[in-house]
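In the numbering used here, the protein residues as written are 1476 to 1944. Worksheet: one structure, shown below.
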Ligand SMILES: [Zn+2]
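So, in structure tokens, the structure goes:
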């Protein structure tokens, strides 16, 4: 079955095909987080879309080699470290850790590699790539000591964003990684050291400095996946200047000017309660904010997943509530099938189950169509169970079908809370009191009662620690 996706480069739907010498393997590069804060749900919308893409491609028999970078040196991380009065590495480490925890909360598949921009191997790759660009006259060192990409040397600049280059004034330069959409100007590849950089900097043929954000991705992507990458994803915000700059760097530094990326895929914006997410609006959410409010990773994943990736997603608390209801229906259905299928020793493909879920996703990840097939199947099989028309073997057949569906959706129920139930809290408090009285017998009995509830208690120098056994 052919999978078709919308390629931002050609502005058209295309059939996804591996390169002829790559068998069924597709390489996938996804721009990762800048680790200066906890990622917000807008960031996670992109990561969940990329996860859906990877999972569907795998369900369709492709082998996906995915790399996601971590940007751990840029203007924002340096500013953050300076404000916190710690080294860059000390500042970014907890945000890296938090990112992986959040990714697990949302059931995101692990990438094959998560290269970090400050890794000496990666810095060496960036320096080498910049050297090649200078050699080929695509880059130059300016009087401020920084090295800039010469946009005038690459006629294709603007092909991804379809930016109109007329009115471009050669010689304009921008040192910032995030310049305005209209500013078509030579961008920094290597930023020469300035006092605000403090201890952050690496030696290079152009003096002490640090890489620009765009060269980080170009060097890490091609270094790990080769000169041509099959699919490159990101949010629409990344198209210009970031991805446009990545193309310019890679296609000018590569051998034989091989195309950098064959399929570009971008996911649309996320709004919260109809407005652009902004701290000043009070509608800015990290994943952790929502978990603290009592929503689960599964519910948040469902909401982020549920809207087609190229459509704007309006994230609302009402939407989370609807997700909770939909997932409860799914769980109830799953339980009914498990109960009915329990006595069966054979498995039979049930009636009315189609490949529709997967063929919908083949069509540029049409998730609404896919979920409609799932919910229609649930409705129809519930009706059959009500009327005693579904056999145990068919129930097992449906469960097997759902296993495949869920390998793409990844909506398995999980207990996301580490909170102890009130009864466990009471037993722990009683045990604390018993130990204060040196009533070891009572203490042991309470420990055993906790164990029967599935909680393991350990006595440490800081007191009792309980965890799920
Ligand atoms: Zn990137």
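Backbone N, C-alpha and C define an ideal beta-carbon position, used for all residues, glycine too.
Comparing alpha-carbon positions, the option among 1619, 1671, 1635, 1608 lying closest to residue 1625 turns out to be 1608. The three-state reading of DSSP puts residue 1632 in coil, since its state is none of H, G, I, E or B. With the rule of 3 Cβ pairs closer than 8 Å, the stretch 1712-1719 does not count as touching the stretch 1754-1766.
Distances taken from the Cβ of residue 1544 to the heavy atoms of ligand 1 include one shorter than 7 Å.
Fully contained in the stretch 1678-1734 are the following alpha helix (DSSP H) runs of length 4 or more, in chain order: 1688-1700, 1719-1728.
For residue 1748, the secondary structure class from DSSP, reduced to helix, strand or coil, is coil. When Cβ pairs closer than 8 Å are counted between the two stretches, the stretch 1811-1827 is seen to touch the stretch 1867-1877, the count reaching three or more.
A direct Cα-Cα distance of roughly 48 Å separates residue 1498 from residue 1929.
Shortest gap from the CB of residue 1742 to any heavy atom of ligand 1: 7 Å or more. In the structure shown, the three-state DSSP call for residue 1638 is coil. In this structure, the alpha-carbon of residue 1620 lies about 54 Å from that of residue 1845.
Separation of the CB atoms of residue 1724 and residue 1679 is rounded to 16 Å, and the pair is thereby denied contact status at 8 Å. Between residue 1822 and residue 1868 the beta-carbon gap is near 6 Å, inside 8 Å, which marks them as a contact. Only buried fits residue 1835, as 16 or more other CB atoms lie within 10 angstroms of its CB. Residue pairing of residue 1930 in beta bridges, as defined by DSSP: 1943.
DSSP places residue 1876 in no beta strand (DSSP E) but in the uninterrupted alpha helix (DSSP H) bounded by 1867-1884.
The Cβ-Cβ distance between residue 1907 and residue 1862 does not fall below 8 Å. Here the alpha carbon of residue 1768 sits roughly 25 Å from the alpha carbon of residue 1903. Note on geometry: alpha-carbon atoms of residue 1905 and residue 1793 lie some 40 Å from one another. Assignment of residue 1665 by DSSP, reduced to helix, strand and coil, places it in the strand class.
Taken from the Cβ of residue 1506, at least one heavy atom of ligand 1 lies inside 7 Å. Contact between the stretch 1528-1548 and the stretch 1580-1591 is present: 3 or more CB-CB pairs across the two stretches fall below 8 Å.
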